[in-house]
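Be aware that the sequence shown starts at 278, since it is given in my numbering, and climbs by one per residue.
Glycine included, each C-beta is placed from N, C-alpha and C at the ideal position.
Just so you know, these numbers come straight off a predicted model, no measurement behind them.
As structure tokens, the structure follows; a few thoughts come after it.
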Amino acid sequence: MKETIERYLPFTPLFAVYLILFLVGKFGAGMWQLVAMLLFYCAMGQAFNIFLGMTGYVDFGYVAFMGVGTYGMAISITKLANVPNLGFIVIVIGFLLALFMSSMLSIAVGAVALRLRGAYFAIATIGVNEGFRFLIEGAKIWNGSEGMIFMAQLNKILGRETASAIATFWADFMVLIIAILAGLVTIIYMRSKIGYALTALREDEDAARVMGINVTKYKIIAFITSACFAGLIGAASWALKTPYVFPPEVFEIHYTVEAIIIVLLGGAGTLLGPVIGGLIYGISKYYLSIILPGFQLLIFAPIIILIIVIFPEGVIGVIKKYARGKALERFII
Numbered sequence: 278m279k280e281t282i283e284r285y286l287p288f289t290p291l292f293a294v295y296l297i298l299f300l301v302g303k304f305g306a307g308m309w310q311l312v313a314m315l316l317f318y319c320a321m322g323q324a325f326n327i328f329l330g331m332t333g334y335v336d337f338g339y340v341a342f343m344g345v346g347t348y349g350m351a352i353s354i355t356k357l358a359n360v361p362n363l364g365f366i367v368i369v370i371g372f373l374l375a376l377f378m379s380s381m382l383s384i385a386v387g388a389v390a391l392r393l394r395g396a397y398f399a400i401a402t403i404g405v406n407e408g409f410r411f412l413i414e415g416a417k418i419w420n421g422s423e424g425m426i427f428m429a430q431l432n433k434i435l436g437r438e439t440a441s442a443i444a445t446f447w448a449d450f451m452v453l454i455i456a457i458l459a460g461l462v463t464i465i466y467m468r469s470k471i472g473y474a475l476t477a478l479r480e481d482e483d484a485a486r487v488m489g490i491n492v493t494k495y496k497i498i499a500f501i502t503s504a505c506f507a508g509l510i511g512a513a514s515w516a517l518k519t520p521y522v523f524p525p526e527v528f529e530i531h532y533t534v535e536a537i538i539i540v541l542l543g544g545a546g547t548l549l550g551p552v553i554g555g556l557i558y559g560i561s562k563y564y565l566s567i568i569l570p571g572f573q574l575l576i577f578a579p580i581i582i583l584i585i586v587i588f589p590e591g592v593i594g595v596i597k598k599y600a601r602g603k604a605l606e607r608f609i610i
């Protein structure tokens with residue numbers, strides 16, 4: 278029992294950060310909007326880190342999984358709005374659909390792209406989100422380019438007050454739960470055979486293959502897991518918070534770029550890194566847009582580059598070096 282607790286001690290600071298964020302947002306006057314944005318970035322970084330951080334592969338089509346997750350929730354709400362007495366079951370079905378659709382897309386993409394390595398994999402995934410978006414618009418799937426607006430259906434299913442509460446608070450709380458679950462899955466992977474295999478293939482894929490590790494199997498596990506969390510994030514933070522789906526917005530590639538920045542800032546392949554990266558990125562972006570509106574990106578870009586140059590292994594990478602041989606080391610992985 279003691280050994281098990283020791284193995285999972287690094288989850289303690291992660292949970293503490295999320296708890297503090299929630300308390301600040303809940304009880305700090307006017308802070309919930311900022312905290313909700315930070316939770317989104319932390320959750321996105323935590324989910325993306327399961328694949329990029331553990332394998333070293335960069336997936337530029339990552340936002341596509343968030344997009345199909347959004348559609349999963351939208352389909353559930355619009356198609357089941359006229360079924361009586363379902364209530365919150367519709368939301369549960371929406372999350373299940375988001376999981377199913379994002380996992381199916383990840384299997385389809387992974388079956389082709391995961392045969393490639395390094396830059397070839399990254400290039401192969403660049404067109405995934407745009408290709409899927411144009412497929413939806415061109416084939417008029419799920420209303421095509423018109424998108425789906427389902428605020429009225431959500432009001433009908435849950436009532437106006439409950440639907441409003443979901444959009445203003447509970448959707449963000451669900452993102453918090455998803456972020457915590459993504460962190461929990463990350464540490465379980467890191468402390469298991471899966472994590473050791475992923476670390477081996479990240480360091481030297483050829484050597485890992487020679488040692489008998491089925492690298493394709495473990496890449497697929499990480500890819501599907503990461504995609505499923507992305508689908509849940511899309512269902513909660515987009516479909517429930519802003520009850521409409523518009524293809525150019527949910528398949529916007531800059532979300533993938535943000536996820537990459539967050540993971541690299543905090544430390545790829547670490548447990549706490551995506552959270553630290555999400556906080557640095559979110560807080561900087563928020564306050565620069567207030568202090569220097571219109572110039573925030575001009576100032577923000579060199580700041581990000583500077584941080585990455587100073588901390589090539591991320592902020593947590595520096596903390597890990599500092600904590601080596603000290604009591605703090607038990608909490609940092």
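Selected residue, minimal CA-CA separation from residue i, among the options
i: L382; options: F365, R410, I400, R607; result: R410
i: I501; options: E606, I327, E407, A313; result: I327
i: Y495; options: P287, Y295, L329, F288; result: L329
i: I427; options: A306, V389, A313, T347; result: The sequence shown places Phe at residue 427, not Ile. Checking every option, the nearest Cα to that of F427 belongs to T347.
i: G460; options: L517, A324, T493, W309; result: A324
i: A385; options: I576, G436, A504; result: A504
i: I585; options: M488, V595, L542; result: L542
i: P290; options: S566, A388, P551, G415; result: P551
i: V367; options: G408, I567, S566, K433; result: K433
i: G302; options: T402, A536, R394, T445; result: T445
i: A375; options: G508, A306, S561; result: G508
i: G257; options: W309, W447, Y334, I413; result: Because the chain spans 278 through 610 in this model, residue 257 falls outside it and cannot be assessed.
i: I560; options: E283, M308, A293, F292; result: M308
i: A313; options: I553, E526, K518, E590; result: K518
Rounded straight-line distance, which links the Cα of residue j to that of residue i
i: F608; j: T547; result: 11 angstroms
i: A512; j: M350; result: 5 angstroms
i: K417; j: V592; result: 45 angstroms
i: L549; j: S441; result: 32 angstroms
i: A399; j: T533; result: 12 angstroms
i: A484; j: A477; result: 8 angstroms
i: G344; j: F528; result: 6 angstroms
i: F377; j: A604; result: 42 angstroms
i: A401; j: R601; result: 39 angstroms
i: E482; j: I587; result: 28 angstroms
i: I297; j: T493; result: 38 angstroms
i: T355; j: I498; result: 32 angstroms
i: S422; j: Y521; result: 12 angstroms
i: K562; j: F506; result: 24 angstroms
i: G408; j: D336; result: 14 angstroms
i: I413; j: W419; result: 7 angstroms
i: T439; j: E590; result: 44 angstroms
i: R486; j: L393; result: 15 angstroms
Beta-carbon separation (whole angstroms), residue i vs residue j, contact threshold 8 angstroms
i: A320; j: I455; result: 5 angstroms
i: V452; j: S514; result: 5 angstroms
i: D449; j: L316; result: 6 angstroms
i: Y558; j: Y318; result: 6 angstroms
i: Y295; j: I457; result: 6 angstroms
i: I370; j: L357; result: 7 angstroms
i: A474; j: I490; result: 5 angstroms
i: G404; j: P524; result: Not confirmed; about 15 angstroms, so no contact.
i: I581; j: I538; result: 6 angstroms
i: G364; j: L431; result: Rounded, the Cβ-Cβ distance is 11 angstroms, inconsistent with contact.
i: G594; j: G544; result: 5 angstroms
i: N406; j: I530; result: 6 angstroms
i: F288; j: I464; result: 5 angstroms
i: L569; j: I576; result: 6 angstroms
i: I610; j: M467; result: 6 angstroms
Burial state of residue i (16 or more Cβ within 10 Å)
i: T332; result: buried
i: Y397; result: exposed
i: K597; result: buried
i: G338; result: buried
i: F372; result: buried
i: E480; result: exposed
i: N362; result: exposed
i: S379; result: buried
i: L353; result: As written in the sequence, residue 353 is Ser, which differs from the Leu given in the question. Answer is buried; the Cβ neighbour count reaches 16.
i: G472; result: buried
i: I443; result: buried
i: Y599; result: exposed
i: F304; result: exposed
i: G387; result: buried
i: V389; result: exposed
i: E535; result: buried
i: G322; result: buried
i: I567; result: exposed
i: A578; result: exposed
Chain B contact for residue i (CB, 8 angstroms cutoff)
i: Y466; result: This model lacks chain B altogether; it includes just one protein chain.
In chain order, which alpha helix (DSSP H) runs of at least 4 residues are fully inside the segment 404-481? 405-415, 428-435, 437-442, 448-467, 470-480
Can you list the alpha helix (DSSP H) stretches of 4 or more residues lying completely in the segment 479-548, in chain order? 482-487, 492-511, 524-527, 531-543
Segments of 4+ residues assigned as alpha helix (DSSP H) that fall wholly inside the segment 323-391: 340-356, 366-390
4 or more residues per run - each alpha helix (DSSP H) lying fully within the segment 550-605: 550-568, 573-587, 591-600
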